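The structure under discussion appears below in the form of structure tokens.
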Amino acid sequence: MTVRSPRSKVIAPWVRTRLRTAPGTALALALLVAVTAFLAAALPRSVDRYGDSGLRQAVESAGAGRTVVQFNAPPDHGAPAPERDAGLRGAALEKDHARILRATGRSLPLDRAQSASGVRSTEPQEMAEPWLPRPDGLPPR
């Protein structure tokens, strides 16, 4: 054990020295640390919220042209007419529809309740229904 002489000087800790010599600077440093900690905690949350609201607005305002996936297949002109007709009927269409839904998997999640399949003509058809408007007196297409 060492014996201290009465004349040995105890060195004051750094914090106490800093607070006594420059209390304003120490207070400014403490305030700067507090503000930095607040921003570090609050800024990522506000950026996430802003990004989420932007994504929600983009999805809500997107029209069908940007949110619909459409698959087209040309008819098999080499097949006999009965086979072509069978390929356009319910069971064959449902089989193709299920195959497309399985093929997309997780990379493109599809809403199965909102998905549809069917056949459409590429040429306009005349409509004979009397309730459809005929602005020029011509049958609607």
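Numbering (my numbering), first residue to last: 421 to 561. Glycine is no exception: its CB is placed at the ideal position from the N, C-alpha and C atoms. Only a predicted model underlies this, so the values are computations on that prediction, with no experimental measurement involved.
- Comparing alpha carbon positions, the residue from S541, D556, P544 and P560 closest to P550 is P560.
- Boundaries of the alpha helix (DSSP H) around S473: P443 to S481.
- Rounded to the nearest whole angstrom, the C-alpha separation of K429 and R440 is 18 angstroms.
- Between the alpha carbons of L530 and L558 lies a distance of about 40 angstroms.
- Separation of A461 and A454 (C-alpha to C-alpha, rounded to the nearest whole angstrom) is 11 angstroms.
- DSSP places P555 outside both helix and strand once states are collapsed to three, so it counts as coil.
- When DSSP states are grouped into helix, strand and coil, I431 belongs to the coil group.
- Within the model, the alpha-carbon separation for R554 versus M547 is close to 10 angstroms.
- Here A446 has R438 and L439 as same chain residues with Cβ atoms under 7 angstroms from its own Cβ, once five neighbours each way along the sequence are excluded.
- Runs of the alpha helix (DSSP H) spanning 4 or more residues and lying entirely within the stretch 490 to 533 occur at 501 to 507 and 510 to 524, in chain order.
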